[in-house]
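Heads up: the sequence shown is residues 11 to 379, going by the working numbering.
For glycine and all other residues, C-beta sits at the position ideal for the given N, C-alpha and C.
Below you'll find the structure, written out as structure tokens, and then a few comments.
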Amino acid sequence: MNGEGARRRDVTVADVAKAAKVSKAQAARALGNYGAVSDEVRERVLAAAEELSYRPNELARSMNTGKSHTIGVVVGDIENPHFGLATRGITDTAKKAGYNVILVNTDEDQAAEVDAVRVLLDKRVDGLIVAPASSVDTEHLQEVHRSGRPLVFIDRTAGDLQVETMAVDMARISREATQYLLDAGHRRIAFISTLTTDAPYTAGMPLESSQIADRLAGMRQAFLEAGLDFPEDLVRLNAGDADSIRSITREVLRGPDHATAVVASDGLIALGVVEAIQELGLSIPADVSFLMYDDFAWTRLTTPPLTVIAQPVYNMGVAAAKALIRQMEGLPPAAPAQFTATLVRRGSVGPRRPDGQPTTKEDLAATLN
């Protein structure tokens with residue numbers, strides 16, 4: 011094979027040094043922007059590097075400087091638009107500050123998260139942003155924290171681990187949303203989540219996700235304040251795929267003691283629930299009221315537009331990146347960031363008649379005026 015067809019050899023620091031007529035050590039210092047080197051030598055080295063299309067070996071440079079200028083991000087489900095927005099906030103902020111981002115998806119699997127953290131540390135990332143898959147099994151995160159490696163949590167906490175965390179007060183907004191449904195007359199309110207458990211939900215059972223635990227705590231508090239029993243039988247977890255979402259939705263909406271309102275814990279579940287409701291020949295909100303977490307463009311385009319709990323997810327990503335960069339650069343922490351979720355009332359929640367029958371169009375119109 012001739013020279014044109016052969017794979018081009020990567021340009022090395024030695025090649026740049028030879029072209030610039032300087033020592034390899036001088037070239038390395040100029041290219042890595044560390045150590046003493048004259049302006050004249052720096053200019054020659056940079057000119058030679060540009061002429062040769064030199065690309066630095068990031069691993070070698072990180073070994074020399076102790077910095078990779080890379081942030082590791084670990085999230086549970088990149089298919090979920092919630093994490094997509096958070097990641098966009100992280101990457102936009104990191105790029106402006108001169109950092110690259112390595113993103114790892116774990117599918118909310120604890121073992122995958124442990125492996126992801128190990129791989130990112132092996133790649134010498136300067137810091138980690140993690141949405142913990144578990145608030146119970148956190149030993150791998152505790153080890154990162156004890157090592158002094160910069161660490162920030164986003165969306166969730168990890169037990170009692172004292173780490174800067176960018177998240178909203180889920181218990182508060184869940185209580186507010188549940189009270190809204192109770193005020194509309196609903197008592198049988200279903201909650202559907204992807205969270206994986208080995209047994210059906212019962213009060214007091216440990217839950218891996220701090221977010222889901224807080225949402226259920228807020229729901230329970232609203233029922234308690236209203237003097238009502240919380241419908242534990244309508245808390246349905248393990249809705250991990252389209253088939254299970256459809257099956258669970260059909261279960262909670264059938265039978266004599268069926269749910270009259272459904273709360274979806276994320277956008278992906280919401281799509282499956284709405285589809286299942288339509289398959290049952292029911293309408294929103296005349297037959298069943300519906301509320302979901304997170305606000306996306308499509309939620310305003312449905313008929314009716316969906317009532318949602320909007321979270322400042324992009325801003326949480328921005329704040330997580332800023333907090334981590336401050337840690338990595340040895341700066342003191344800023345004031346704790348505060349994030350507020352908002353109940354956006356649209357058209358998917360309607361009143362429920364005391365007799366348990368679906369509402370009429372006249373009843374719905376009266377509540378919207």
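Should residue i be labelled buried (16 or more other beta-carbon atoms within 10 Å of its own) or exposed?
| i | result |
| --- | --- |
| M326 | buried |
| R264 | exposed |
| S157 | exposed |
| N115 | buried |
| D304 | buried |
| G82 | buried |
| D224 | buried |
| E149 | exposed |
| E174 | buried |
Compare the C-alpha of residue i against each of the options and name the closest.
| i | options | result |
| --- | --- | --- |
| Y64 | A40, G45, A46, G169 | A40 |
| R355 | P342, A320, V328, A331 | A320 |
| A232 | A213, P266, N248, L191 | L191 |
| N90 | A177, D276, D253 | D276 |
| P361 | D305, T313, P343, F300 | F300 |
| I255 | T206, D305, G282, P66 | G282 |
| E61 | T80, Q36, V21 | V21 |
| P160 | F349, A331, V359 | A331 |
| Y324 | Q172, P315, V178 | V178 |
| K77 | T352, G340, Q189, E50 | G340 |
| P343 | V162, Q189, D239, L171 | V162 |
According to DSSP, is residue i helix, strand or coil?
| i | result |
| --- | --- |
| Y303 | strand |
| T317 | strand |
| T175 | strand |
| N110 | strand |
| F233 | helix |
| V83 | strand |
| T352 | strand |
| R246 | strand |
| I126 | Looking at the sequence shown, residue 126 is not Ile but Ala. The answer is helix: DSSP assigns A126 an H, G or I state. |
| L138 | strand |
| A271 | strand |
| V21 | coil |
| N90 | coil |
| V32 | coil |
| L292 | coil |
Contact check, residue i vs residue j under 8 Å by CB: the rounded distance?
| i | j | result |
| --- | --- | --- |
| D147 | Q120 | 6 Å |
### Query
Are at least three pairs of beta-carbons, each pair with one atom in the region 265–273 and one in the region 184–200, less than 8 Å apart?
Contact holds: three or more Cβ-Cβ distances are below 8 Å.
### Inter-stretch contact at 8 Å, needing at least 3 Cβ pairs: the region 178–191 / the region 276–294
With a cut-off of 8 Å, the region 276–294 and the region 178–191 do not count as touching, because too few Cβ pairs lie within range.
### Task
Could you tell me whether the region 130–145 touches the region 205–223, using the rule of 3 or more Cβ pairs below 8 Å?
A contact exists between the region 130–145 and the region 205–223.
### Message
Tell me whether the region 48–56 and the region 29–39 touch, counting them as touching only if at least three CB pairs, one residue from each stretch, are closer than 8 Å.
### Response
Result yes; three or more Cβ-Cβ pairs closer than 8 Å.
### Message
Is it the case that the region 126–139 contacts the region 298–317, given that we only count it when at least three CB pairs across the two stretches are under 8 Å?
### Response
Proximity of the region 298–317 to the region 126–139 falls short of the contact definition, fewer than three beta-carbon pairs being nearer than 8 Å.
### Query
Hey, is the region 201–210 in contact with the region 225–245, meaning 3+ C-beta pairs nearer than 8 Å?
Short answer: they touch.
### Query
Is it true that the region 123–130 meets the region 106–114, where meeting means three or more beta-carbon pairs spaced less than 8 Å apart?
Result yes; three or more Cβ-Cβ pairs closer than 8 Å.
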